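Working notes, structure below.
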Amino acid sequence: STAVDSYRPTSTQPYRGTPNLSPGRRANATFVFLCRNSDINGVVASIQSMEDRFNKKYHYPWVFLNDEPFTEEFKQRVSVLTDAPLSFGLIPAEHWVQPDWIDEDRARRGRMQMMSQRIIYGGSVPYRNMCRFNSGFFFKHELLQPHRYYWRVEPSVNFFCNMEYDPFVYMEDHDKVYSFTISLEEHEPTVATLWDSVKEFMTEYPHFIEPQNSMQFLSNDGGNRYNMCHYWSNFEIADMDFWRGEAYSKFFEFLEAKGGFYYERWGDAPVHSIAASLFARPDQIHFFRDIGYRHENFQHCPSGAQWSQGRCACDPNDSFDYSDHSCLRRFEGMFQ
Ligand code: GDP
Ligand code: MN
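By UniProt numbering, the letter at position 262 of the sequence shown is numbered 321, and the numbering carries on one by one without gaps.
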């Protein structure tokens, strides 16, 4: 099939066996890496970091997804980095391109307006495709069907610390559906009418709202206005069965019909965060305090014993956790 391409290293790489594999239970989990062929150098750097700090002992598979076919060179560059299973998938056009029913004139006006406000990626259609794909489609890709948990990885990110346990198994054992390392505030114009749509959804489908929800994380006034807080989705370890479930399916369908992924620039981060906050309990959302992580321009660096035991290659005084536009305090406030 053209959509699936499993790849094994060529004879230049002998089979090395798996002598250092960590024993014990494993989760049904995979890495997910959406990227372009041109991202290759940043992709290699991110994989190296993850393999070195975690996956060399676990060999969880890597799934690469692209809206264009991956090149042989891309697959070669990736395949020398790990013994873990690799697969390379093509995204079906209907999961990626702007749907025909979107009013392109209205979408263009939205892009122009956002460009004039100098909003990052304000004029980009591919960026919008990416946000919509990450919101509603990646977990439907055939390569992800066999899996429940995923860890999203992006080009040029760093994992700073050794991980001495399996975060996927942690998620499963503690009934977690979503997790993060950094949380912050969204650019308001990109989600100008998102909250109106969310409120409409809550009125129409009250039975989907978890009674013990995290509205406190999203709103400072009990749900009237959105405070822009979200979990930064370039890092995500989460349960795809949550996205595949009835509540989120209806939610995405509802948002999709509003056209806001194109008329505005709704991000997958606020969409995922709002869903996790409304359809799950706060204790089902996990802050991985011990996972050191950087994606430009922010990082989370553990401190104290977690920092030294993890041999973290980051400055523990340089961590976004309690800086001005972080939402971590608000998250932690829910448990106090
Ligand atoms: P940022 O983190 O918000 O600055 O956005 P990125 O440029 O890092 O994009 C987010 C993720 O989507 C990264 O993993 C990119 O490699 C990927 N991505 C963004 N645009 C495209 C695209 O047009 N095609 C493909 N295949 N991947 C994309
Ligand atoms: Mn990125």
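For glycine and all other residues, C-beta sits at the position ideal for the given N, C-alpha and C. On a predicted model such as this, the values are computed, not experimentally measured, just so you know.
What does the alpha-carbon distance come out to for the pair residue i and residue j?
i, j, result
"Ala88", "Pro120", "8 Å"
"Leu80", "Arg112", "13 Å"
"Ile161", "Gln172", "17 Å"
"Pro185", "Lys199", "19 Å"
"Phe379", "Asp126", "32 Å"
"Val216", "Trp291", "13 Å"
"Ser60", "Asn283", "Bear in mind that a pLDDT of 40 at Ser60, under 50, signals an unreliable position, so the number given afterwards is only what the model happens to contain. Cα-Cα distance, rounded: 48 Å."
"Asp374", "Ser108", "17 Å"
"Arg168", "Glu245", "21 Å"
"Ile106", "Asp142", "12 Å"
"Glu295", "Leu243", "14 Å"
"Ser273", "Lys235", "14 Å"
"residue 11", "Leu124", "Residue 11 cannot be examined here, being either before or after the span of the chain that is shown, 60 to 395."
"Met174", "Gly318", "19 Å"
"Lys115", "Glu247", "40 Å"
"Pro73", "Gln157", "The predicted position of Pro73 is uncertain, since its pLDDT is 40 and thus under 50; a value taken from the coordinates is nonetheless stated next. Using only the alpha carbons, I get a separation of about 44 Å."
"Val137", "Trp210", "17 Å"
"Tyr224", "Gly363", "18 Å"
"Trp302", "Val91", "15 Å"
"Pro82", "Arg207", "20 Å"
Round the Cβ separation of residue i and residue j to the nearest angstrom and send it over; I've been treating them as touching at under 8 Å.
i, j, result
"Tyr352", "His359", "5 Å"
"Phe276", "Ser194", "The pair is not a contact, with the Cβ atoms about 19 Å apart (cut-off 8 Å)."
"Ser203", "Met299", "Residue identity check: residue 203 is Leu in the sequence provided, not Ser. Confirmed, about 6 Å."
"Cys190", "Phe338", "Wrong, their Cβ atoms sit about 20 Å apart, outside the cutoff."
"Glu231", "Ala86", "5 Å"
Within its chain, find whatever has a CB closer than 8 Å to the CB of residue i; leave out the 5 residues flanking it on each side and keep chain order.
i, result
"Arg177", "none"
"Ala251", "Glu323"
Identify, in the order they occur along the chain, each residue of the same chain with its Cβ nearer than 7 Å to the Cβ of residue i, setting aside the five sequence neighbours on each side.
i, result
"Asp377", "Gln358 and Cys360"
"Pro128", "Leu149"
"Gly369", "Cys220, Asn221, Asp349, Gly351 and Pro361"
At which residues does the alpha helix (DSSP H) containing residue i begin and terminate?
i, result
"Cys190", "Val184 to Gly195"
"Glu131", "Glu131 to Ser138"
"Trp121", "Not the alpha helix (DSSP H): Trp121 falls in the beta strand (DSSP E), residues Trp121 to Asn125."
"Asn104", "Strictly speaking, residue 104 in this sequence is Ala, with Asn absent from that position. From DSSP, the alpha helix (DSSP H) with Ala104 extends over Ile99 to Arg112."
Does DSSP put residue i in a helix, in a strand, or in coil?
i, result
"Ala88", "strand"
"Asp159", "coil"
"Asp255", "helix"
"His246", "coil"
"Gln365", "helix"
Start and end of the beta strand (DSSP E) containing residue i?
i, result
"Ser238", "Tyr237 to Phe239"
"Asn210", "Contrary to the premise, residue 210 reads as Trp rather than Asn in this sequence. Segment Tyr208 to Arg211, the beta strand (DSSP E) holding Trp210."
"Ala297", "Glu295 to Asp298"
"Ile150", "Ile150 -> no beta strand (DSSP E), and no H or E assigned at all."
"Gln275", "Not the beta strand (DSSP E): Gln275 falls in the alpha helix (DSSP H), residues Met274 to Leu277."
Note down, in chain order, each residue of its chain lying with its Cβ closer than 6 Å to the Cβ of residue i, except the 5 sequence neighbours on either side.
i, result
"His289", "Glu245, Ala328, Pro329 and Ser332"
"Ser238", "Ile296, His345 and Phe347"
Confirm the yes/no value for this check: CB of residue i, any heavy atom of the ligand ADP, distance under 7 Å.
i, result
"Glu295", "Among the ligands present in this structure, namely the ligand GDP and the ligand MN, the ligand ADP is not found."
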